[in-house]
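The next block holds one structure in the form of structure tokens; read it before the comments.
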Amino acid sequence: MIPRGAPIAVIAPCGAYDPDRFAHGLRIAADRGHDLRPLPGLLQPHRYLAAPDDVRLAHIVEALSDPTYAAVWVARGGYGLTRILDRLDPADLARKPIIGFSDVTALFARLYAHGLGPCVHGPVVHSLPITDAASLDALFALLDGERTDLAGEMWVEGAVEAPVVGGNLCLLAATAGTPDQLDASGHILVLEEIGEPGYRVDRLLQQCRSAGVFDGVVGVVLGELVSCRAPEGADWTVEDMVREHLEALGVPVLAGVPVGHGARNHPFVWGDRAALRDGRLTWT
């Protein structure tokens, strides 16, 4: 997918990042044979953002249009893409791989809708130092063109084969009702989340259902719900509540796959076809 040694632009279209951890991430990628090139002026902290809106937008356009770069890797997620997404004209961009997750889910939705990408849902540079060895191996194998299956537990039995999309639940809800709402009809939808109490996960899922994000979905893959908890003393778990929402869709549901904001964050490519059955998502 990305030849080793090919120039990869690094952009920071979301939150500010820790320079030391970012540098560590760059070294991890370099050790695997990849040439990551942070664009000049990447970190110009503005409130909780890596840089002002105009700077971050310009970096996206430069990285995704300049033929010098074979691919693009996002420095960190967090927040910020929904502030500039409506100013990003897909006509200005070229088709090339872009790697990221979390807040980058919103960017992927716009790129995928316009036939751009491939969009690789995988660790950002800033999270490489805290990603476990199995996930790193899966990520760099994917960049070499090799897919790794995802395994979990079937909450709803069934079998389906379809292209895969998805990512962070909060961002899918944030773009619901906007021109960048994800159209997941005919797709297997991946969901993951971090740091949301149970009632907020419930509200995010309901927002997606009410807005039609789940309409036409043929299967669901649930990644990790990192630090998403029910109130202390509750006789239910966040997983119980999520399961109710997903079972109501009437499609196969695979849960507990190693995708998300924790140390386990195996990659997948938006639009790649996969078979969901028998506790596995197998790339076809």
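Residue 31 in this note's numbering sits at position 26 of the sequence shown; the count goes up by one each step and never skips. Backbone N, C-alpha and C define an ideal beta-carbon position, used for all residues, glycine too. Values in this document were obtained by computation on a predicted structure and should not be read as measured data.
Contact annotation: Thr289 and Leu176 have beta-carbon atoms that are not nearer than 9 Å. Rounded to the nearest angstrom, the gap between the Cα atoms of Leu47 and Pro18 is 9 Å. For Pro8, the closest of Glu151, Leu209, Ser190, Arg214 by C-alpha to C-alpha distance is Glu151. Counting the other Cβ atoms within 10 Å of the Cβ of Gly255 gives fewer than 16, which makes it exposed. Assignment of Asp245 by DSSP, reduced to helix, strand and coil, places it in the helix class.
With distances taken between CA atoms, Glu162 lies nearest to Val223 out of Val223, Asp188, Ala11, Ser232. Per the DSSP secondary-structure output, Gly182 pairs with nothing in a beta bridge.
Taking a C-beta distance under 9 Å as the contact criterion, Val130 and Val109 do not qualify as a contact pair. For Thr287, the enclosing beta strand (DSSP E) has its first and last residue at 285–288.
Note on geometry: alpha-carbon atoms of Gly38 and Pro134 lie some 16 Å from one another.
DSSP, reduced to helix, strand and coil, places Ile13 within a strand of the structure shown. Sequence-distant partners of Ala143 (beyond 5 residues in either direction) whose C-beta falls short of 8 Å from its own C-beta, in its chain, are Thr153, His271, Pro272. Within the DSSP bridge table, the entry for Gly105 names His126 as partners. For the pair Val165 and Glu252, the Cα-to-Cα distance works out to about 15 Å.
Within its own chain, no residue has a Cβ closer than 8 Å to the Cβ of Asp25 once the five positions on either side in sequence are excluded. Residue pairing from DSSP places Val225 in a beta bridge opposite Leu194, Val258. Relative to Val218, the option among His192, Arg100, Val262, Thr242 whose CA is nearest is His192. Around the CB of Tyr53, fewer than 16 other CB atoms lie within 10 Å, so the residue is classed as exposed.
By the CB criterion at 9 Å, Val79 and Val15 fall inside the cutoff. Between Val77 and Ile13, the beta carbon gap of about 7 Å places them in contact (Cβ cut-off 8 Å). Taking one beta carbon from each stretch, the stretch 195–212 and the stretch 230–243 have 3 or more pairs nearer than 8 Å; the two touch.
As DSSP reads the structure, Asp40 sits in a beta bridge with Pro12. By the Cβ neighbour-count rule, Gly127 is buried, with 16 or more other Cβ atoms within 10 Å of its own. Taking 9 Å as the cut-off, the beta carbon of Gly122 is found no closer than this to the beta carbon of Ser107. Burial check for Thr73: the Cβ neighbour count within 10 Å stays below 16, so the residue is exposed.
In chain order, Ala21 place their CB closer than 6 Å to the CB of Pro50, counting only its own chain and leaving out the 5 sequence neighbours on each side. By the neighbour-count definition (other C-beta atoms within 10 Å, threshold 16), Ser140 is a buried residue. Nearest to Leu62 by alpha-carbon distance, out of Leu31, Asp97, Asp36, is Asp97.
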